[in-house]
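Sequence lines, in order, name chains A and B.
Heads up: the first sequence begins at 157 in this note's numbering, then just goes up one per residue.
Heads up: the second sequence begins at 18 in this note's numbering, then just goes up one per residue.
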Amino acid sequence: DQQVKQNSPSLSVQEGRISILNCDYTNSMFDYFLWYKKYPAEGPTFLISISSIKDKNEDGRFTVFLNKSAKHLSLHIVPSQPGDSAVYFCAASSESSGDKLTFGTGTRLAVRP
Amino acid sequence: EPEVTQTPSHQVTQMGQEVILRCVPISNHLYFYWYRQILGQKVEFLVSFYNNEISEKSEIFDDQFSVERPDGSNFTLKIRSTKLEDSAMYFCASHGGGEKLFFGSGTQLSVL
Numbered sequence: 157d158q159q160v161k162q163n164s165p166s167l168s169v170q171e172g173r174i175s176i177l178n179c180d181y182t183n184s185m186f187d188y189f190l191w192y193k194k195y196p197a198e199g200p201t202f203l204i205s206i207s208s209i210k211d212k213n214e215d216g217r218f219t220v221f222l223n224k225s226a227k228h229l230s231l232h233i234v235p236s237q238p239g240d241s242a243v244y245f246c247a248a249s250s251e252s253s254g255d256k257l258t259f260g261t262g263t264r265l266a267v268r269p
Numbered sequence: 018e019p020e021v022t023q024t025p026s027h028q029v030t031q032m033g034q035e036v037i038l039r040c041v042p043i044s045n046h047l048y049f050y051w052y053r054q055i056l057g058q059k060v061e062f063l064v065s066f067y068n069n070e071i072s073e074k075s076e077i078f079d080d081q082f083s084v085e086r087p088d089g090s091n092f093t094l095k096i097r098s099t100k101l102e103d104s105a106m107y108f109c110a111s112h113g114g115g116e117k118l119f120f121g122s123g124t125q126l127s128v129l
């Protein structure tokens, strides 16, 4: 039961351009969404989050957009840097599920110099 | 920056053996978790722990699994009789009350 889906397993972007990572969810009870970044041999690292009462949250080069009606969120990275190359996980939680995070399968981003 | 520490980084065991994965969460955090990631698959929730008891567990977390906070700093995951399908990267995580989880670097468990 894939409640959180990341349909693109990989993405390749030129340095300096925009990276857009997408995430879809099916559970309408989700009310909080997070993006985590993961390097090889390391644990996931929190990147940015958004509450369902917002449609956009920005932190430096990272912006997350939420479209509740479409049950879709996206992470924009601009400008992309080679150090951004990692696996990006979308995650969601709901008040009813307590503090459990449901993760997507991840998108591997490669930023070409 | 404070971090979640996990030991060992790699654990190889024979099927049927017991393993204990160890974690030291961030010191002032109160909520503790175990997640795992089977190779090529998504990160999956196993269990959450608060106030010295399990607050939620997934279907994966069956009777073969247990968690313990034996002292004020360690948080352990025990698998009593490992199966081949338990092979995965196991992540410990903690938070202090917000939504932002801090993850450890993981323990790669290989069951032979």
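The beta carbon of each residue, even a glycine, is placed where N, CA and C say it ideally should be.
Might you give, ordered along the chain, the residues of its own chain that have their beta carbon closer than 6 Å to the beta carbon of Phe186(A), omitting 5 neighbours on each side? In the first sequence, the residue the question calls residue 186(A) occupies position 30. Once the five neighbours on either side are set aside, the close Cβ partners of Phe186(A) are Ala248 and Ser250.
Please list, in chain order, the chain A residues whose beta carbon lies closer than 7 Å to that of Leu118(B). In the second sequence, residue 118(B) corresponds to position 101, counting from 1. Simply Phe202 and Leu257.
Determine, using beta carbons only, whether Gly239(A) comes closer than 9 Å to chain B. By one-based count along the first sequence, residue 239(A) stands at place 83. So no, Gly239(A) is outside the interface.
For Lys194(A) and Ser164(A), what's the separation of their Cα atoms in angstroms? For this step, residue 194(A) is matched to residue 38 along the first sequence. For this step, residue 164(A) is matched to residue 8 along the first sequence. Taking the straight line joining both Cα atoms gives about 16 Å.
Continuous beta strand (DSSP E) stretch holding Val21(B): start and end: The residue labelled residue 21(B) in the question sits at position 4 within the second sequence. Premise fails: Val21(B) is in no beta strand (DSSP E) and is neither H nor E.
From Ser166(A), Phe218(A) and Thr182(A), residue whose alpha carbon lies closest to that of Trp191(A): The residue you call residue 191(A) lines up with position 35 of the first sequence. Of the candidates Ser166(A), Phe218(A) and Thr182(A), the one whose C-alpha sits nearest the C-alpha of Trp191(A) is Phe218(A).
Please look up how many angstroms separate the CB atoms of Phe202(A) and Cys246(A), rounded, as I've assumed it's under 8 Å. Translated into positions along the first sequence, residue 202(A) becomes position 46. Translated into positions along the first sequence, residue 246(A) becomes position 90. So it is not a contact: roughly 12 Å between Cβ atoms.
CB-CB under 8 Å to Lys210(A), same chain, minus the five flanking residues each way: which ones, in chain order? Stepping through the first sequence from its first residue, residue 210(A) is reached at position 54. When the five nearest sequence neighbours on each side are left out, the beta carbons in the same chain lying within less than 8 Å of the beta carbon of Lys210(A) are those of Leu222, in order along the chain.
Relative to the C-alpha of Pro19(B), which candidate in Leu126(B), His112(B), Val128(B) and Lys59(B) has its C-alpha closest? Taking the first residue of the second sequence as 1, we reach residue 19(B) at position 2. Comparing Cα-Cα distances from Pro19(B) to each of Leu126(B), His112(B), Val128(B) and Lys59(B), the minimum goes to His112(B).
Given a cut-off of 9 Å, decide if Tyr67(B) and Phe120(B) are closer than it, judged by their beta-carbon atoms. Looking up residue 120(B) in the second sequence gives position 103. Looking up residue 67(B) in the second sequence gives position 50. No, they are not a contact pair.
Distance, Gln54(B) Cα to Gln125(B) Cα: Taking the second sequence and counting its residues from 1, one reaches residue 125(B) at position 108. Taking the second sequence and counting its residues from 1, one reaches residue 54(B) at position 37. The alpha-carbon of Gln125(B) is positioned some 9 Å away from that of Gln54(B).
Could you pull out every residue in the same chain whose Cβ sits closer than 8 Å to the Cβ of Gln28(B), ignoring the five residues on either side in sequence? The residue given as residue 28(B) occupies position 11 in the second sequence. Close CB contacts of Gln28(B) within its chain, under the 8 Å cut and outside five residues either way in sequence, are with Val36, Leu38, Thr124, Gln125, Leu126 and Ser127 (chain order).
CB-CB length for Ile96(B) against Phe82(B), believed under 8 Å: The residue given as residue 96(B) occupies position 79 in the second sequence. The residue given as residue 82(B) occupies position 65 in the second sequence. About 6 Å separates the two Cβ atoms, so the contact holds.
Complete runs of the alpha helix (DSSP H) confined to the segment 205 to 260 of chain A [at least 4 residues]: Complete alpha helix (DSSP H) runs here, min 4: none at all.
Is the beta carbon of Ser175(A) less than 9 Å from the beta carbon of Val267(A)? One-based indexing of the first sequence puts residue 175(A) at position 19. One-based indexing of the first sequence puts residue 267(A) at position 111. Yes, Cβ-Cβ distance for Ser175(A) and Val267(A) is below 9 Å.
Interface positions of the segment 212 to 245 of chain A facing chain B (Cβ-Cβ less than 7 Å), listed along the chain: The segment 212 to 245 of chain A vs chain B, Cβ under 7 Å: Phe245.
Among residues of its own chain, excluding the 5 on either side of Leu231(A), which ones have a beta-carbon nearer than 6 Å to its beta-carbon? By 1-based counting over the first sequence, the position of residue 231(A) is 75. Counting only Cβ-Cβ distances below 6 Å, and skipping sequence neighbours, we find Leu177, Trp191 and Val220.
Residues near Arg173(A) by beta carbon distance below 8 Å, same chain, minus five either side: Taking the first sequence and counting its residues from 1, the one referred to as residue 173(A) is at position 17. Within the same chain, Arg173(A) has close Cβ partners Val234, Pro235 and Ser236.
Could you confirm whether any beta carbon from chain A is found closer than 9 Å to the beta carbon of Pro108(B)? Translated into positions along the second sequence, residue 108(B) becomes position 91. Here residue 108(B) turns out to be Phe, not Pro, going by the sequence shown. Chain A contact via Cβ: present.
Measure the alpha-carbon distance for His131(A) versus Asp180(A) and round it to whole angstroms. No information on residue 131(A) is available, as it lies outside the stretch 157 to 269 that chain A covers here.
Residues in the segment 164 to 177 of chain A having any Cβ partner in chain B nearer than 8 Å: Hits within the stretch: zero.
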